[in-house]
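Remember, UniProt numbering sits 63 above the position in the sequence shown when you count from 1.
Everything below concerns the one structure shown next.
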Amino acid sequence: GLRDDEPDTLFNKILAGEIPASIVKEDGKILAFKDINPAAPAHVLVIPKDRDGLTRLSKSTPEHYEILGRLMVAAGEIAKDESLGFGDGARIVINDGAKAGQEVFHLHVHVLGGRDFNWPPG
Ligand code: 5GP
């Protein structure tokens with residue numbers, strides 16, 4: 064769809080510091096910050112700093128192996144960070160496309176915790 068090809072998203076404004084965000088982890092390649100509308104007591108988003116075509120996960124190619132690994136490792140580290148409200152057990156989610164609930168077309172990994180989760184997710 065058209066929105067997959069958005070030149071920019073609000074995450075660029077967060078990356079540029081133009082919209083404030085509560086940053087929990089950052090390195091040269093990724094940024095993690097608290098979700099503004101948390102769906103669980105702990106809810107962090109992990110994004111690549113360079114979107115590099117990754118409007119959504121299904122746009123990924125072997126060129127993205129490295130950044131996707133970095134996002135997954137960061138998500139796993141965040142998921143065990145008790146200072147952020149995570150305990151034993153987290154839900155790690157990527158919404159791929161509007162039908163799956165994706166609203167921001169800059170790939171992001173949701174890390175949710177601090178409560179129990181049902182499966183299947185509905
Ligand atoms: P999606 O629905 O695309 O998978 O997830 C987008 C997420 O971004 C939502 O959970 C939403 O609450 C979060 N979000 C939207 N705008 C902002 C914002 O300005 N700041 C932060 N921190 N999160 C946002």
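Think of the CB as a built atom: it goes at the ideal place given N, C-alpha and C, for glycine as much as any other residue.
For the alpha helix (DSSP H) containing R133, list its first residue and its last residue. Y128 to I141
Taking Cβ positions, are L147 and A102 nearer each other than 7 angstroms? no
Taking a contact to mean a Cβ-Cβ separation below 7 angstroms, would you say V136 touches I157 in this structure? Taking 7 angstroms as the Cβ cut-off, V136 and I157 do not qualify as a contacting pair.
Work out the CA separation of G185 and I130 for me, nearest whole Å. Approximately 29 angstroms, taken between the alpha carbons.
Between T118 and F168, is the Cβ-Cβ spacing less than 7 angstroms? yes
On a Cα-Cα basis, can you pick out the residue from W182, G177, L108 and N181 that is closest to F74? L108
If you follow the alpha helix (DSSP H) that F96 is in, where does it begin and where does it stop? No alpha helix (DSSP H) contains F96, which is instead part of the beta strand (DSSP E) from I93 to K97.
Beta strand (DSSP E) segment containing K76, residue limits: First-last for K76: L73 to L78, but that is the alpha helix (DSSP H), not the beta strand (DSSP E).
Specify the secondary structure class of L65 as computed by DSSP and reduced to three states. With a pLDDT of 47 at L65, under the threshold of 50, the predicted position of this residue should be treated as unreliable, though the coordinate-derived value follows. Here L65 sits in helix by DSSP.
Just to confirm the assignment, what range does the beta strand (DSSP E) spanning G176 have? V172 to G176
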